[in-house]
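Written out below as structure tokens is the structure these notes cover.
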Amino acid sequence: MSFGHEIKSLLSGWKATAVLLTLTAAAMAAATLIEARINPTAARAVVYHSWWFGLLLLLLAVNFMLTARRMRLARRRRWGVLLLHYGLAVTLAGAFVTHAWGYEGYMHIREGETSNRMMTTDRSVREVPFEITLNRFTLSRYQGSQSPSSYESDVTIRYKGKERNRKIYMNNIARVGGFRIYQSSYDRDERGTILSVNHDPAGTALTYAGYALLFAGLVASLASRKSRLRTLYRSLGTTVRLLAVAGLLLSAGCSADAGSRTSDDVPDRAIAARFGALPVQSLDGRIEPLGSYASEVLRKLYHGERYRGMNADQVLLGIVTDSARWSREPLIRLDSKPLREALGTNRTHVSFAELFDGVPPDGYRIGKQAEAVYAKAPAERTKLDKEYLKLDEKANILYGLLGRRTLRIFPVPDSDRWLAPGERSQNMTATDSARTVELFGRLVRASVSRDTTEIGRALDAVRRYQTEFRPGLHSRRITAELLYNRLSPFRWAMRGYLILGAALLGAALWEIFGKNRRRATRIAGIAAAAVAAVFAWQTFGLGLRWYVSGHAPWSNAYETMVYVGWATVLSGLVFARRSRLAPALAALMGGVALFVSNLNWLDPQITPLVPVLKSYWLMIHVSVVTASYGFFGICAACGIASLAATAFGRNLRELRAINEMAMIVGLALLTAGIFFGAVWANESWGRYWGWDPKETWALITMFAYALATHSRHIPRLDGPFAFDVLSVVCFSTVLMTFFGVNYYLSGLHSYGHSGGVSLTVPLIGASVVIALIAAAAGRYFKTSKKR
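Structure (structure tokens):
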């Protein structure tokens, strides 16, 4: 046997696949930690751009192709699996080409200057075959604020004797000679721009070809009658019927507010509710009820839905009618200990006045720090930098409200703009401007006098002014949003899932192990139907939020978490006819997901999409990837239940079949979602892959579940106990991708670290899982020895 044949045999084995996947995933995980501890440049130098990491990717590509040949997939006509293996190989080959020959860097250009040089990531200067002249840099700020809202570069590009003018901003990149150019940052004096430049035509083309093969392979393999999914499906019985669930109208009522204080200096709740029903234009241009705006402001500032017993409507009405008092109220939360130390306080909340050394806006204590952070590229900002930005945002929001500059409740005739009291517009006469001052002054005077009748009249006068210039103002969307706020569909769904999930789990266990199984079956059926009804209620809530916002409801951390809960319960209901445990575990996990979504560090604000998110690729990418998390959640729940049963000497074979089916579906969705995300990234900022921590951990998750789904071919991992353990352990990569990257690492996808998110809960959860695995291992191996 030749040496080459031995190497070929070694690389084509399942053990080689497992080792290479594990080593590559471990290297990528280490790189994200290096990036968080040091900087992205160090992570690229040590891992991503190293020779040994490129070799790992190359060996993986070779392994996938040799394994496909060793399994004789073409001869057996397993075309779907064959395309999957070759698609992965081509994708990795594309990554290798990008690593070997692709490069990127930055061009710093001042207004009026021309440049044909870029600074690469390794700090070397490189000439490019084109010239860029910066004609003008434009920075737009939020109204009444110094915080940037958008920035763009008006440039002239000269290439091969041709000249063209372009505007470069987020989601609007320029392409020239195989290069992609996009807006990255700017100079502090707002007279210069920093453009990011990427050159990787061959790697991108090869990777896209791999994605196409992957997508075709996924569809073919799932549709094939010989697929593992269809085999497992048949082992459970006849075809699963489609779930037909009748919608349930839950009575909507708001729970009584406990602990609310009644005092002469607190705005009346009924009057505040009328105030909250007035339409307003938020800073991002959306027309919404003041109640929604008030809730967003209170959660943003205070990280709570109530302040000293007052609801959001009462707080906002107090802020805009009694600014002197509310500027001294500790409404602003300091998210982290380092930020509190930087400000010289140990309190978690401070007042607006405490952020200034003099009379606001003079002596702004974090002004210089915030300005320095804004000038940095997003990927270079530290966790403390992000805390300064969040605090600056809060200060600007409250500053605008205290001065009534951001309370835009008066529409401008023949314009899409709305104005705050006293503001002027070219479409507004001096008389109309004076009317806004008088109308709002009337509301302030009535609030000071505590005359509820006069306050109501003042609010009615404001509403008449609004309808005078916007006859169709009180549209169906405004009414729907008021209904959405009143119903709180996801809070009710959370309670329903947790209660019914626990009941269904108890009934399912009674049905399996109890004596009176007929009664248990009846109770389990009722509980499962109730879970399906709550699922229909949550679906109604998602549809209502979609209608109100005008876009798919998974554009931020809060919406994504709600969608994860929905997808998890859906995946459990799909298997409801084959197992009572699947919907029970899914309901509990869905309830936990909705509970997490309601924590104060996730913002439920309905907002228009920022430019980079205005893409249909985003909607596809996020929905598909997040749906995969729901199926992986079922895998983890089934694995935990199976391990618990093993620890007590029981064997739940049906759960393992459902576990593997859910894992196959989840892996297919995740793989497709990563592909769609790469296309979105390429269309939005000019590169399909940037080794951002979120991207990297999504790939680690894919590798982890690919290993788990193929574990039956790998010696010592081919038993039921090993599969149960893998299904639980692999879920930690999902948690890291969704939570860990967002709140513990830095990157383009990071939502920012929050002081309320600590390592305590993950460590406790990991300890419980390790204890369960140890108990199950003891019983499993003890039983195996007896056999």
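The sequence shown lines up with residues 42 to 828 when you count with my numbering.
Even for Gly, the Cβ is constructed at its ideal location relative to N, Cα and C.
Values in this document were obtained by computation on a predicted structure and should not be read as measured data.
Item, Value
"Limits of the unbroken beta strand (DSSP E) element including F220", "F220 to Y227"
"Sequence-distant residues of the same chain with beta carbon closer than 8 Å to S523, five excluded per side", "Residue identity differs from the one stated: residue 523 is Leu in this sequence, not Ser. So the list reads A318, P330 and G332, once near-sequence residues are dropped."
"Buried or exposed (CB count within 10 angstroms, at least 16 for buried), T132", "buried"
"Under 8 Å between C-beta atoms of L550 and S620", "no"
"Limits of the alpha helix (DSSP H) - the one that S488 falls within", "A471 to S490"
"Nearest candidate by alpha-carbon position, reference A416, set N352, T248 and Y192", "Y192"
"Sequence-distant residues of its chain with Cβ nearer than 6 Å to A548 (five each side left out)", "A561, I564, A565 and A568"
"Under the three-state DSSP convention, the category D426 falls into", "helix"
"Residue burial classification, K267 (beta-carbon count within 10 angstroms, cutoff 16)", "exposed"
"Reduced DSSP category for G233 - H, G, I as helix; E, B as strand; rest coil", "strand"
"Spatial distance of D230 from S474 (CA atoms)", "34 Å"
"Nearest candidate by alpha-carbon position, reference S768, set P803, A682, A739 and F689", "A682"
"Close-in-space but distant-in-sequence residues of the same chain around F780 (CB under 6 Å, 5 per side omitted)", "none"
"Residue environment, W895, which counts as buried when at least 16 other CB atoms sit within 10 Å", "Because the chain is modelled from 42 through 828, residue 895 falls outside the range shown and cannot be assessed."
"Given T73 as reference, the closest of T65, A84 and T63 once Cα atoms are compared", "A84"
"Distance between beta carbons of I407 and Y429, contact taken as under 8 Å", "6 Å"
"Beta-carbon proximity list for M469, same chain, < 6 Å, skipping 5 on both sides", "V453"
"Limits of the beta strand (DSSP E) - the one that Q322 falls within", "P320 to Q322"
"Exposure of E464, with buried meaning 16 or more beta-carbon neighbours within 10 Å", "buried"
"Element boundaries [alpha helix (DSSP H), containing K201]", "It is not in any alpha helix (DSSP H) - K201 carries neither H nor E in the DSSP assignment."
"Candidates R820, V88 and A709, of which the one nearest Y252 by Cα", "A709"
"Cross-strand partners of E329 (DSSP beta bridge)", "V321"
"A593 (DSSP reduced to helix, strand or coil)", "coil"
"Secondary structure of D433, DSSP reduced to three states", "helix"
"Cutoff 7 Å; reference H662; Cβ partners in own chain excluding five residues on either side", "G714, F717, G718 and W721"
"Distance, N157 Cα to I222 Cα", "12 Å"
"Distance between beta carbons of A573 and L614, contact taken as under 8 Å", "6 Å"
"Same chain, Cβ closer than 8 Å to L342, neighbours up to 5 away in sequence not counted", "L372, I373, R374, K435, I438 and L439"
"Coarse secondary structure for N213, derived from DSSP in three states", "strand"
"S165 versus R216, S194, H126 and T82, residue with shortest Cα-Cα distance", "T82"
"Length of the line joining the Cα atoms of W55 and I814", "25 Å"
"Supposed contact pair G128 and L255 - C-beta distance, whole angstroms, cut 8 Å", "4 Å"
"For N157, the first and last residue of its enclosing beta strand (DSSP E)", "T155 to T161"
"Pairwise C-alpha distance: W533 and S490", "39 Å"
"Closest Cα partner of V775 within the set I805, P761 and M704", "M704"
"Proximity below 8 Å, CB of D195 to CB of K208", "yes"
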